[in-house]
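In mature numbering (1 follows the signal peptide of the UniProt record, and there is no 0), the protein residues as written are -18 to -1, 1 to 291.
Glycine residues also receive a C-beta, built at the ideal position from the N, C-alpha and C atoms.
Fair warning: this is a prediction, and the values are worked out from it, not measured in the lab.
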């Protein structure tokens, strides 16, 4: 049975008056190669706009979910087997100021098999992060292969070998590739020509190491309020898209957004028809002698002829 939903309150400190989304996910223990889909539940105000999502690794089935106070995202972990952490971020665009994003860390447990050499016939167990794997009995050559699960951040394992009353303990290193998760997002989407915001999050957002930013189609500068890892983004004139590549140590991330074009100016009102002056014949004596006098009054769409006897 899967554990209950885990609620994480790791909120990325972006300054705004809107409440940050509440985020939980299931299963809470994600094993690479076994758990192929993670459901993430995001709770927001009932009248909140679309909730958007970004991830340092893996993919969302739908990165934008609309409607109601509870939004459900489906996220697939990356297709790797070594342990790592994934950083997921959720936010709602705001008309003023940067959004308040909720950032969660999802530990991804890796699976491997450790080869152990010990005394033949010995019973072997391996302890990693407080969990025991085994026992496996070594063959006549003293060889044993033990399947283990390794959480991210673990760098060594403790091997416990028992043969009769003899017990030995030793520590072996775990060959885990280094990984530095980093995620970046742009808001609002689409971004107005007046500009928007770039947010960046990693495992340790308190680290003051500088970020290397490479924008395309925009200029980027630190947010005026001094919030960490928040930047003001201003699209260049005529830019249709904005993208920013982010690097910190060996970690990399990239975000891209369309630039909304301003609405065309309203069409001018139709020009009124020019006024035409009309002379009116009041009827002179000569006109009376030669025939009835006529005068014409122009009304919109109607001509009226008046006979003067």
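### Task
Look at the alpha carbon of residue 303 and the alpha carbon of residue 127, and state the distance between them as a whole number of angstroms.
There is simply no residue 303 to check, as the chain begins at -18 and stops at 291 in what is shown.
### Query
Would DSSP call residue 218 helix, strand or coil?
DSSP places residue 218 outside both helix and strand once states are collapsed to three, so it counts as coil.
### Query
Between the C-alpha atoms of residue 117 and residue 103, what's the straight-line distance to the nearest angstrom?
Here the alpha carbon of residue 117 sits roughly 12 Å from the alpha carbon of residue 103.
### Query
Going straight from the alpha carbon of residue 213 to that of residue 92, what length do you get?
35 Å
### Query
Whole-angstrom Cβ separation of residue 108 and residue 96, contact assumed at under 8 Å?
6 Å
### Query
Would the beta-carbon of residue 183 fall within 7 Å of that of residue 71?
yes
### Query
Can you tell me whether residue -17 is buried or exposed, with buried defined as 16 or more other CB within 10 angstroms of its CB?
Its pLDDT being 40, under 50, residue -17 is placed unreliably in this model, and the coordinates cannot settle the point.
#### Entry: Nearest-angstrom Cα separation, counted from residue 119 out to residue 152
17 Å
#### Entry: residue 133 versus 98, 168, 88, 181, residue with shortest Cα-Cα distance
Residue 88 is the option with its Cα nearest to residue 133.
### Query
Hey, how far is the Cα of residue 262 from the Cα of residue 252?
Because the pLDDT of residue 262 is 46, which lies under 50, any placement of that residue in the model is unreliable, and the question is left without a value.
#### Entry: Of the residues 34, 146, 24, 237, the one placed nearest residue 295, counting alpha carbons only
The question about residue 295 has no answer here: the residues shown for the chain are numbered -18 through 291.
### Message
According to DSSP, simplified to helix, strand and coil, what is residue 1?
### Response
coil
### Query
Is residue 213 helix, strand or coil by DSSP?
strand
### Whole-angstrom distance between residue 161 and residue 241, CA atom to CA atom
The alpha-carbon atoms of residue 241 and residue 161 are separated by roughly 32 Å.
### Message
Tell me whether the region 32 to 39 and the region 55 to 75 touch, counting them as touching only if at least three CB pairs, one residue from each stretch, are closer than 8 Å.
### Response
Counting Cβ pairs under 8 Å, three or more are found: they touch.
### Other residues of its chain near residue 1: CB distance less than 6 Å, five sequence neighbours each side excluded
none
### Task
Could you check the C-alpha separation between residue 94 and residue 145 for me, to the nearest Å?
25 Å
### Task
Kindly indicate which residue of 223, 206, 233, 122 has the alpha-carbon position closest to the one of residue 171.
The residue from 223, 206, 233, 122 with its alpha-carbon nearest to that of residue 171 is 223.
### Message
Quick check on this structure: which residue in 131, 20, 106 has the alpha carbon closest to the alpha carbon of residue 148?
### Response
106
### Query
Nearest to residue 61 by CA position, among 15, 243, 80, 27, is which residue?
15
### Message
Rounded to whole angstroms, what is the Cα-Cα separation between residue 67 and residue 18?
### Response
Their Cα atoms are separated by approximately 15 Å.
### Query
What is the DSSP secondary structure of residue 194, reduced to helix, strand or coil?
strand
### Task
Return helix, strand or coil for residue 113, following the three-state DSSP convention.
strand
### Query
Measuring CA to CA, which of 203, 113, 194, 57 is closest to residue 7?
57
### Query
Which same chain residues, not among the five before or five after residue 39, have their C-beta less than 6 Å away from its C-beta?
60, 68
### Message
On the CB-based measure, 16 or more other CB atoms within 10 Å of its CB, does residue 206 come out buried or exposed?
### Response
exposed
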